[in-house]
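Asker:
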Amino acid sequence: MSQILCPNCNLPNPEGAESCLFCGSSLKPAEKAPDAPIRPGQQPTVKPTSELDKVKTPPITAGQTPVPRNTDELEQALPAWLRSLREQGELTGETGSTEEAVSSGGQPSASPSAQESEEPLDWLNRLSQEEEEIPDWIASLGGAETPAASGTSQPAKSAGPFEMPEMADSQAASSQPAEEEALPDWLGAFAQSPESSEDESAGLVSQDETASADILPDWLDRLTPQAQETPAPSEETETPDWLSGLSLGEEQAAPQAAPEPDWLFNQAAEPAEEKPESSSPAFTETPDWLAALEASAASESASEEQSVFREDLPVENAAPLEIPDWLTDFRVEEPKASAPAQAGEELAESLPDWLSGVQPTPSSSAGSVPALIGFEETSELTEQPAQEKADAFLLETPDWLERLGPEQTPEPVSPPAAESQGDESLQMAELPSWVQAMRPVESVISETGATVSESEGVVEQRGPLAGIRGVLPFLEIVPGRKPPAYSIKLQVTEQQQKYARLLEKLIQDEGQPKHIKPSVQYSIRIWRWIISVLLIVSALLPLVLGGFLSPDLTLFPSEWEQTHVLLDSFPENAAVLIVFDYGPAFFSELQVAAAPVVDRLLYRGARLALISTSPSGPALANQFLNSTQASHLQVGAQIVNLGYLPGGSSGVYYFASAPREAAPVAVDGSNPWESAVLSDVYQLSDFDALVVITENADTARAWVEQTQSHLGDTPVFLIVSAQAEPMVRPYYDSGQVDGLVTGLVGGKTYEQTFGTSGLARLYWDSLGMGVLAALLLILVGGAQMAILALREKKGGNA
Amino acid sequence: MAITFSWDLLAALIGFLLTLMILSYLIGDNPAFRLAIYLFIGVSAGYAAAVTWNQVLLPRLFRPLLTGGGNYLSLLIPLGLGVLLLTRLSVRFSSLSDLPLAMLLGVGAATAVGGALFGTLFPQTGAVLNAFDLDSADSGFGSWISVFAEAFLMLLGTVSTLLYFQFSARSTPSGPRRGKIVDFLGAIGQGFIAITFGVLFAGVLLSAMTALIERLNFIVTFISQFL
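These protein sequences, in sequence, are chains A and B.
The first sequence begins at 1 in our numbering and counts up one residue at a time.
The second sequence begins at 1001 in our numbering and counts up one residue at a time.
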């Protein structure tokens, strides 16, 4: 039968089909010749890509009301499968099953010609329409539609695979009453079985299709029921002979037998020959194919059977069955004393051509397991009784197979016997124990043997399906091997634990505060009190006791001589500028230091002009004169206070450059430059001496720096505190300062030089005692710290 | 002994009390000491403000402007700059005080730099050079050695002290290190610096002792008046 391959899905379709049975695409060649490929330089031609373009009506726009039109011309725009659906829907609407037909997804049209043109989705549905013979049992499995019942319904109910159950139901329902009388119970039950089972059966025996004969393979075509050719009359299903024999009632008309394939013929012939060999008298009335099954079931070639087939199952009813020829070949032959090879040869002869090509692999060596167990004669398989094998793998066997009772099965050949028979081509292999353990067949059969029930299926004993009957056996591929159980605990070695403990200890030690050895803490306040008491006592005792405890100075400072000489070289009534730039805290020291000098100047009749760059300077100057020079001081005649000079260094420079402008007014508000003291002084160099009294080295430096260029030959005297003397001495050593008097020592020196007695002599003893006490304290403290440092050093070294 | 009241006695009494309050710091910080300190600061600030007004602003700025004496128009410039300086207190107008501040800073810097150069650096450098003048020494090798040694010692102390404050160093595998000569002279300068600090400490000690002695003498004198 010629076929046409669908260009879309590449499935075979009958020659005369216009559209594909599976995908619905058109099988007709294109009407137009394929367009020539466009060449460079050519302009592509615009072609309509939509079938709707063929319709020469403008599309509706917004706002327009649609105009009813004749949509017949649009039918052409519809795809073929959709058209078929619509037609079928119209047809099925008459019968009341339009929805089913439409929902089925496109069914062929009602008429045979329409059916031919419309491709049903289920190619199996065409089986029912084939004129070729199909086995009766297959046809009967489809529901055994009566020709009358199915004729009216087939066209409308040609269904695809999704609708087979329904159609099968309808078909089965229509033909069920008749079939029930003709078919045996099991087959009737099979026909009335749930939809799931009927799906397959309906699919096999669907009788709607007419053009499916060309599509099916040859071997299957012959199997299709004869009723597929014509709806009504051709739907007569013919039960096979063997099946009709099983039926209680009348047999149906045997379908026109389809030409069977060769292998099926051969099988039919051979079992016919072997029929006499079947020992069981109960099978005299059985069909040839079934008889062959019985004979082969008893042979040692039980391994030739596929495990799913139970050829040696007992049959409850000993009713003879007509076994088809092709099935006869699969029957287990009777056990023979002949070598298993002979049985195998016999079985091989009964095998179909396509099956006969499968040659059993000879066992190469002892211990090796052939790959294809089902067709090899192995000692392990032959050990198993055929009954056990069949019980293990057949879930729900039909009654006709069950009637192949165990008494008809040949006795299994024991392995030693099998081995002793000495097959020339096949040697019984000695499998190692671990291989034997891996063999599923043996383990399953041995385990399920106790639970096999002759009337029931296999009841699983192990695994998740334990207790369920009729399931595939639990195959322990690797019995005894369980996956290794890994503990969730962290596997730590002893050494690692040791290191972990060490690390944990180190971390804990860091978190714990270190114990600090308490050290002796001496209160600073106590030491302060002690030192203060010592110093106060040392300074107070001479004041309280009175008298002179310390001798006079015998070693004078180095600057004493020059200063002394210079002070005595001033002329009488000399104009001296004295600068009081010290704070109240140093009043006592500078008072002691400056008193002899100022007293000497006043003694020589000098005119003093007082000035200060500090706001408190003028007040301190007055205090100084009132406290030290009160005896012979004549304010106003010899002394004028110029007051406060603002600006710091800039003010000093301003005064040095223009003293009358820098200090125009005296402290009392009068004009000092018109007084007798400063009447002849117009610039700084007109002064006969410049005396700077300060406790700050910066102030002294500023006066020295800013007035140096304006003084000329005017000498400069610095009366400074003891703390500023180190910083000011370089100016004396460099010659920038002509005289230097330092603190209490300088005052004492000049008092002693000038033969006067003043505060310097009063403070001299206290100063001595105090300095001595301080010296002792420094020495004792230093010694103590040195000893402690040595001790710590020794302790550290130790 | 009869005690006559006088302002001097009152002043002495106040002084005596304030002195005791300051000396109470020996037992630690206490309110009396703080009171004395606050009084000293306040009185000093008030006296300074009074002096500034009485001796600077009034006689030198406002009185000439008000009386019109002299070249008073030129006084408007310092008056304006002073007012601009007061705008420093306002956040909104503080930018106006930048001019007088700039003048103050500029003039002060110039005065300081000029004085430092011509008043300290050059004369001091010359003095160091003159120290090696052997002609100034008395005749005799001994005096020359003495003069030279003194000058060399002074020069050594000056240079070593300056090198002590040189912290530039070269990178070495063991870390940054100065040169050996610089390191040696720096160590000598460190000694001179230590001696200088000791001298300074001695001077401070003498000043402090003198102040203590004077105060103790005051206390004794005051107390003796009542005894």
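Heads up, the beta-carbon is just placed ideally off N, CA and C, and yes, glycines get one too.
Using 8 Å as the threshold, is the region 562-571 of chain A in touch with the region 777-793 of chain A, meaning 3 or more CB pairs across them?
Answerer: Because the criterion of three Cβ pairs below 8 Å is not met, the region 562-571 of chain A and the region 777-793 of chain A do not touch.
Asker: Give me the Cβ distance between ILE719 of chain A and ALA594 of chain A, rounded to the nearest whole Å; I'm assuming they're in contact under 8 Å.
Answerer: Going by Cβ atoms, the distance from ILE719 of chain A to ALA594 of chain A rounds to 5 Å, so yes, they are a contact pair.
Asker: Assign ARG331 of chain A to one of two classes, buried (16 or more other C-beta atoms within 10 Å of its C-beta) or exposed (fewer than that).
Answerer: Low per-residue confidence applies at ARG331 of chain A: pLDDT is 49, beneath 50, and the placement is therefore not dependable, though the value from the model is reported in the following sentence. Buried.
Asker: With H, G and I counted as helix, E and B as strand and the rest as coil, what does DSSP make of ASN13 of chain A?
Answerer: Note: ASN13 of chain A maps to strand in three-state DSSP.
Asker: Secondary structure at SER26 of chain A, three-state DSSP: helix, strand or coil?
Answerer: SER26 of chain A falls in the strand class under three-state DSSP.
Asker: Under the rule that 16 or more other beta-carbon atoms within 10 Å means buried, what is LEU1090 of chain B, buried or exposed?
Answerer: Note that residue 1090 of chain B corresponds to Ser in the displayed sequence, not to Leu. So SER1090 of chain B counts as exposed.
Asker: Can you look up PHE1197 of chain B in the DSSP assignment and give me helix, strand or coil?
Answerer: DSSP places PHE1197 of chain B in helix when its eight states are reduced to three.
Asker: Taking a Cβ distance cut-off of 9 Å, strictly less, list which residues of the region 1037-1067 of chain B are near chain A, in chain order.
Answerer: Hits within the stretch, in order: PHE1040, SER1044, TYR1047, ALA1048, ALA1049, ALA1050, VAL1051, THR1052, ASN1054, GLN1055, VAL1056, PRO1059, ARG1060.
Asker: Since ASP581 of chain A sits in a beta bridge, which residues does DSSP pair it with?
Answerer: Per DSSP, A:THR694.
Asker: If we ignore side chains and look at the alpha-carbon of each, how far apart do THR813 of chain A and VAL1043 of chain B end up?
Answerer: Limits of chain A in this structure are 1 at one end and 798 at the other, which puts residue 813 of chain A out of reach.
Asker: Which first and last residues belong to the alpha helix (DSSP H) in which THR753 of chain A is found?
Answerer: Here the alpha helix (DSSP H) through THR753 of chain A covers 743-754.
Asker: Going along chain A in order, which residues have a C-beta closer than 7 Å to the C-beta of GLN1124 of chain B?
Answerer: Under the 7 Å cutoff, chain A gives PRO730, SER734.
Asker: Contact check, ALA662 of chain A vs LEU645 of chain A under 8 Å by CB: the rounded distance?
Answerer: Yes, ALA662 of chain A and LEU645 of chain A are in contact; Cβ-Cβ is about 6 Å, under 8 Å.
Asker: Does the CB of SER627 of chain A have a neighbour CB from chain B at under 8 Å?
Answerer: It does not; no Cβ of chain B falls within 8 Å.
Asker: Short of 7 Å in beta carbon distance, which residues of its chain neighbour TYR1164 of chain B, apart from the five on each side in sequence? Order them along the chain.
Answerer: Cβ neighbours of TYR1164 of chain B beyond the five flanking positions: GLY1186, GLY1189, GLN1190, ILE1193.
Asker: Would you tell me roughly how many angstroms separate the C-alpha atoms of ALA437 of chain A and ASN13 of chain A, rounded to the nearest one?
Answerer: Near 50 Å, if we compare the C-alpha coordinates of ASN13 of chain A and ALA437 of chain A.
Asker: How far does the alpha helix (DSSP H) with ILE639 of chain A in it extend, from its first residue to its last?
Answerer: No alpha helix (DSSP H) holds ILE639 of chain A; the beta strand (DSSP E) holding it covers 639-644.
Asker: Tell me, please, which residues DSSP counts as bridged to VAL459 of chain A.
Answerer: A:ARG469.
Asker: With contact counted as at least three CB pairs below 8 Å, one residue from each stretch, are the region 687-705 of chain A and the region 1166-1182 of chain B in contact?
Answerer: With a cut-off of 8 Å, the region 1166-1182 of chain B and the region 687-705 of chain A do not count as touching, because too few Cβ pairs lie within range.
Asker: Beta-carbon of SER1143 of chain B versus every beta-carbon of chain A: anything under 8 Å?
Answerer: SER1143 of chain B does not count as touching chain A.
Asker: According to the neighbour-count rule (16 or more other Cβ atoms, all chains shown, within 10 Å of its Cβ), is TRP434 of chain A buried or exposed?
Answerer: When all chains shown are included, TRP434 of chain A counts as exposed.
Asker: If you compare alpha carbons, which of B:ILE1219, B:SER1224, B:THR1210, B:LEU1216 is closest to SER588 of chain A?
Answerer: It is B:THR1210 whose Cα lies nearest to the Cα of SER588 of chain A.
Asker: Does chain B have any CB closer than 8 Å to the CB of SER550 of chain A?
Answerer: No, SER550 of chain A lies away from the interface with chain B (no Cβ there is under 8 Å from its Cβ).
Asker: Could you give the DSSP three-state label for PHE717 of chain A: helix, strand or coil?
Answerer: Strand at PHE717 of chain A.
Asker: Taking 8 Å as the CB-CB limit, is GLY1214 of chain B close to chain A?
Answerer: Checking the sequence shown, residue 1214 of chain B turns out to be Glu, not Gly. Closer than 8 Å: yes.
Asker: So with CB distances below 7 Å, who are the chain B contacts of ALA722 of chain A?
Answerer: Those are GLY1203, LEU1206, SER1207, listed as they occur along chain B.
Asker: Where does the unbroken beta strand (DSSP E) through LEU608 of chain A begin, and where does it stop?
Answerer: First-last of the beta strand (DSSP E) with LEU608 of chain A: 607-612.
Asker: In three-state DSSP terms, what is VAL1107 of chain B?
Answerer: It is helical.
Asker: Beta-carbon of TRP675 of chain A versus every beta-carbon of chain B: anything under 8 Å?
Answerer: Note on identity: in this sequence residue 675 of chain A is Ser, with Trp being the wrong assignment. No - not a single Cβ of chain B is within 8 Å of the one on SER675 of chain A.
Asker: So LEU1200 of chain B packs on PRO726 of chain A, CB below 8 Å; how close in whole Å?
Answerer: Indeed they touch by this definition, with Cβ atoms about 6 Å apart.
Asker: Considering only their Cβ atoms, is the gap separating GLN706 of chain A from TYR763 of chain A smaller than 8 Å?
Answerer: No. Outside cutoff.
Asker: Rounded to a whole number of angstroms, what is the C-alpha to C-alpha distance between ALA786 of chain A and PRO518 of chain A?
Answerer: The alpha-carbon atoms of ALA786 of chain A and PRO518 of chain A are separated by roughly 21 Å.
Asker: Specify the secondary structure class of VAL677 of chain A as computed by DSSP and reduced to three states.
Answerer: Three-state DSSP puts VAL677 of chain A in coil, outside helix and strand.
Asker: How many angstroms separate the CA atom of LEU490 of chain A from the CA atom of ARG469 of chain A?
Answerer: In a straight line, the C-alpha of LEU490 of chain A is about 44 Å away from that of ARG469 of chain A.
Asker: Examine chain A for any beta-carbon lying closer than 8 Å to the beta-carbon of VAL1147 of chain B, and answer yes or no.
Answerer: Closer than 8 Å: no.
Asker: Verify whether the separation of the beta carbon atoms of PHE754 of chain A and ARG607 of chain A is less than 8 Å.
Answerer: It is not a contact, given that the beta carbons lie outside the stated cut-off.
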